[in-house]
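**Student:**
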Amino acid sequence: MAVSSVRLFNNLYPSRASLIAYSTLHSGFPNSLGYNSFRVKGGIVSSISGSSRVRASVKGKGERTEDYPLAGDSTDNKKVAESWPRSLQRDFAGTPYVPVYVMLPLGVIDRNCELVDPEGLTNQLRILKSVNVDGVMIDCWWGIVEAHAPQTYNWSGYRRLFQIVRDLGLKLQVVMSFHECGGNVGDDVNIPLPQWVREIGDSNPDIYFTDREGRSNTECLTWGIDKERVLRGRTAVEVYFDYMRNFRVEFDDFFVSGVIAEIEVGMGPCGELRYPSYPVKHGWKYPGIGEFQCYDKYLMKRLKKAAEIRGHTFWGRAPDNSCSYNSAPHETGFFRDGGDYDSYYGRFFLNWYSQILVDHGDRVLALANLAFEGTCIAAKLSGIHWWYKTASHAAELTSGFYNPAHRDGYAPIAAMLKKHGVALNFTCVELRTLNQHEGFPEAMADPEGLVWQVLNAAWDVSIPVASENALPCYDREGYNKILENAKPRNDPDGRHLSAFTYLRLNPALIERRNFVEFERFVKGMHGEAISDLPLN
Numbered sequence: 001m002a003v004s005s006v007r008l009f010n011n012l013y014p015s016r017a018s019l020i021a022y023s024t025l026h027s028g029f030p031n032s033l034g035y036n037s038f039r040v041k042g043g044i045v046s047s048i049s050g051s052s053r054v055r056a057s058v059k060g061k062g063e064r065t066e067d068y069p070l071a072g073d074s075t076d077n078k079k080v081a082e083s084w085p086r087s088l089q090r091d092f093a094g095t096p097y098v099p100v101y102v103m104l105p106l107g108v109i110d111r112n113c114e115l116v117d118p119e120g121l122t123n124q125l126r127i128l129k130s131v132n133v134d135g136v137m138i139d140c141w142w143g144i145v146e147a148h149a150p151q152t153y154n155w156s157g158y159r160r161l162f163q164i165v166r167d168l169g170l171k172l173q174v175v176m177s178f179h180e181c182g183g184n185v186g187d188d189v190n191i192p193l194p195q196w197v198r199e200i201g202d203s204n205p206d207i208y209f210t211d212r213e214g215r216s217n218t219e220c221l222t223w224g225i226d227k228e229r230v231l232r233g234r235t236a237v238e239v240y241f242d243y244m245r246n247f248r249v250e251f252d253d254f255f256v257s258g259v260i261a262e263i264e265v266g267m268g269p270c271g272e273l274r275y276p277s278y279p280v281k282h283g284w285k286y287p288g289i290g291e292f293q294c295y296d297k298y299l300m301k302r303l304k305k306a307a308e309i310r311g312h313t314f315w316g317r318a319p320d321n322s323c324s325y326n327s328a329p330h331e332t333g334f335f336r337d338g339g340d341y342d343s344y345y346g347r348f349f350l351n352w353y354s355q356i357l358v359d360h361g362d363r364v365l366a367l368a369n370l371a372f373e374g375t376c377i378a379a380k381l382s383g384i385h386w387w388y389k390t391a392s393h394a395a396e397l398t399s400g401f402y403n404p405a406h407r408d409g410y411a412p413i414a415a416m417l418k419k420h421g422v423a424l425n426f427t428c429v430e431l432r433t434l435n436q437h438e439g440f441p442e443a444m445a446d447p448e449g450l451v452w453q454v455l456n457a458a459w460d461v462s463i464p465v466a467s468e469n470a471l472p473c474y475d476r477e478g479y480n481k482i483l484e485n486a487k488p489r490n491d492p493d494g495r496h497l498s499a500f501t502y503l504r505l506n507p508a509l510i511e512r513r514n515f516v517e518f519e520r521f522v523k524g525m526h527g528e529a530i531s532d533l534p535l536n
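Structure follows, in structure tokens:
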């Protein structure tokens, strides 16, 4: 018989009967409106609510400060259930089983590749296991493993972590994280790119994505060096392949036993297949449109060559009227309605810019399939949902998704993933369009419309679709939105998510009231009956 999750929590944390949620003193908005602002991997999400909530700021993977809803510790299952209108509850009993994974904390492995607090982590994993969570997700940071010298790898902390996960009967989703973690003031986790890579960047900053003003972004390497031997005699994709191949050899026993269920291959900032078009470090603020990131010498050389082949050498430049990171579309000559984005030159440039993204994914995933033959592989796309209700979809264009109102920009990416048999992992499935309009009506955001478009682009070519939440979620409204997206009601083809990964394991999640809601959510994802649902 399974041990009650609440009982297990009390046994493991007897001196912490009530975990108090973190709070922030940095909200710049009036408390009378209950204003909540969330900076997520895809930007900032805001909502207005009368409930007692505090702000969560997530500045990209590894760059986050978090604040959680205040919740008491004495609420039982029945009281939590009664707080949600029964008329809005859907019974997911008998629906398809969708595995649930939980992301581990960013700092679980330190810069020396040692496991931090193995006993505490083991206790937390036991709590997750008590509610039948299927497994956990962990980032394997390039900046930790290959930190000091090319092709010198240290996996020691990850092996110990994997052993703990295996012993508890959990599965692993492992992310090949080729990007930087943190780096901003106040971040408690900071994992830069490998030292030897940064030394190369000191003398050749063009190995990084670069904006119009010549500022390099050290979060990840530019796709312009995918085939350039500038990394001590290796190209960027060769470096990625050697890293993945070494991981496969090092952890062969975990692959053979099936403990490693999936490999997610990072292909850009935050591990997402996109350009770093909205970097907070360069002053971007939501809902700015971002900037094109193709000004390193390697990408500019390819742009000029593409223009020459087209027969218009003067097109070998990026747009000069797309303004700056925090502009709105209507303020620019390029993105405004009827703007240059839809001119002959604009279509040429955006086709080239987005194709660079697709080609990068094509190259890296081809090598990933060689390294991880027989293993499920996934790639992550970010949910750029602001300005979605405008004609140009400017924020998506600067991120590399050529998705204006008259064109499906996600179909070519889905086709590329289909070619390699790779699953699509998409973010922001818990966000509601109405909430975005309440917080930032000028952003013309539509996360629900974006999710529907991307999921259908993937389902149309019959590739698995997984997802994760974009910001911390503890309430039933958010969980129900995830469930509805995971298992669309009355879908004639019975389509559903292949897996869901929760962002992320933290003290607030396992606080009693929050964990009761999470347990209920897991049951719904697994297609189990939930006792507090009405029987009608």
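When the letters of the sequence shown are read in order and numbered with UniProt numbering, they come out as residues 1 to 536.
No residue lacks a Cβ here, since even glycine has one placed at the ideal position from N, Cα and C.
List the residues that DSSP assigns as beta-bridge partners of Q173.
**Tutor:** As a first step, residue 173 is located in the sequence shown; it is residue number 173 there, counting from the start. Q173 is bridged to M137 and E262.
**Student:** Tell me the rounded alpha-carbon separation between R111 and V145.
**Tutor:** Position 111 of the sequence shown, counting from 1, holds the residue named residue 111. Position 145 of the sequence shown, counting from 1, holds the residue named residue 145. Roughly 9 Å between the two C-alpha positions.
**Student:** Considering only DSSP beta bridges, list what M103 is partnered with.
**Tutor:** Against the sequence shown, residue 103 aligns to sequence position 103. Bridge partners of M103: M137.
**Student:** Go through its chain and collect everything with a Cβ distance to S505's Cβ below 8 Å, but skip five positions before and after it.
**Tutor:** Counted from its first residue, the sequence shown places residue 505 at position 505. For the record, residue 505 in the displayed sequence is Leu; it is not Ser. Excluding positions up to five away in sequence, the list reads V102, M103, L104, P105, Q124, L128 and V136.
**Student:** Identify the continuous alpha helix (DSSP H) that holds A147 and give its terminal residues.
**Tutor:** As a position in the sequence shown, residue 147 is number 147, starting the count at 1. First-last for A147: undefined, no H or E at that position.
**Student:** Would you give the residue range spanned by the beta strand (DSSP E) that V465 belongs to?
**Tutor:** On the sequence shown, residue 465 is found 465 positions in, with the first residue counted as 1. Here the beta strand (DSSP E) through V465 covers V465 to E468.
**Student:** Does the region 159-179 come close enough to the region 197-212 that 3 or more CB-CB pairs lie under 8 Å?
**Tutor:** Cβ pair count under 8 Å is below three, so no.
**Student:** Please report the straight-line C-alpha distance between G290 and K304, rounded to a whole angstrom.
**Tutor:** In the sequence shown, counting from the first residue as 1, residue 290 sits at position 290. In the sequence shown, counting from the first residue as 1, residue 304 sits at position 304. So the two alpha carbons sit approximately 23 Å from each other.
**Student:** Go to L455, then tell me how far its alpha helix (DSSP H) extends in each direction, as first and last residue.
**Tutor:** Taking the sequence shown and counting its residues from 1, the one referred to as residue 455 is at position 455. That run of the alpha helix (DSSP H) goes P447 to D460.
**Student:** What are the boundary residues of the beta strand (DSSP E) that K380 is part of?
**Tutor:** Here residue 380 corresponds to residue number 380 of the sequence shown, with the count starting at 1. Taken as a continuous stretch (DSSP letters only), the beta strand (DSSP E) holding K380 covers C376 to L381.
**Student:** Tell me whether T75 sits in a helix, a strand or coil according to DSSP, three-state version.
**Tutor:** In the sequence shown, counting from the first residue as 1, residue 75 sits at position 75. Confidence in T75 is poor, its pLDDT being 42 and thus under 50, which makes the residue's placement too unreliable to answer from.
**Student:** Quick one, are the C-beta atoms of D358 and P412 less than 7 Å apart?
**Tutor:** Within the sequence shown, residue 358 is the residue found at index 358, counting from 1. Within the sequence shown, residue 412 is the residue found at index 412, counting from 1. Note on residue identity: the sequence assigns Val, not Asp, to residue 358. Contact flag set, yes.
**Student:** For Y502, which three-state DSSP category applies?
**Tutor:** For the purposes of this step, residue 502 is identified with residue 502 of the sequence shown, where counting begins at 1. Three-state DSSP puts Y502 in a strand.
**Student:** Evaluate contact between the region 422-436 and the region 373-391, counting only Cβ atoms and requiring at least three cross-stretch pairs below 8 Å.
**Tutor:** Enough Cβ pairs lie closer than 8 Å, so yes.
**Student:** Determine the direct distance from the alpha carbon of P507 to that of R90, and round the result to whole angstroms.
**Tutor:** Looking up residue 90 in the sequence shown gives position 90. Looking up residue 507 in the sequence shown gives position 507. One C-alpha to the other measures close to 29 Å.
**Student:** Which first and last residues belong to the alpha helix (DSSP H) in which L125 is found?
**Tutor:** Start at 1 with the first residue of the sequence shown, and residue 125 comes out as number 125. Start and end: P118 to S130.
**Student:** Please confirm whether any heavy atom of the ligand ADP lies closer than 6 Å to the CB of K227.
**Tutor:** No copy of the ligand ADP appears in this structure; indeed no ligand is present at all.
**Student:** Whole-angstrom Cβ separation of P118 and I191, contact assumed at under 8 Å?
**Tutor:** The residue given as residue 118 occupies position 118 in the sequence shown. The residue given as residue 191 occupies position 191 in the sequence shown. With 8 Å as the limit, P118 and I191 do not qualify as a contact, their Cβ atoms being about 19 Å apart.
**Student:** Tell me, to the nearest whole angstrom, how far the beta carbon of L193 is from that of G224; I am working on the premise that it is less than 8 Å.
**Tutor:** Working through the sequence shown from its first residue, we reach residue 193 at position 193. Working through the sequence shown from its first residue, we reach residue 224 at position 224. Between G224 and L193 the Cβ distance is about 16 Å, and since that is not below 8 Å, they are no contact.
**Student:** Hey, P269 and H179 are a contact pair by Cβ (cut 8 Å); roughly how many whole angstroms apart?
**Tutor:** As a working note, residue 269 is residue 269 in the sequence shown. As a working note, residue 179 is residue 179 in the sequence shown. Their Cβ separation, rounded to whole angstroms, is 6 Å, which keeps P269 and H179 in contact under 8 Å.
**Student:** Have a look at Y341 and D134 and give me their C-alpha separation to the nearest angstrom.
**Tutor:** The count along the sequence shown starts at 1 and reaches residue 341 at position 341. The count along the sequence shown starts at 1 and reaches residue 134 at position 134. If you take the alpha carbons of Y341 and D134, they lie about 45 Å apart.
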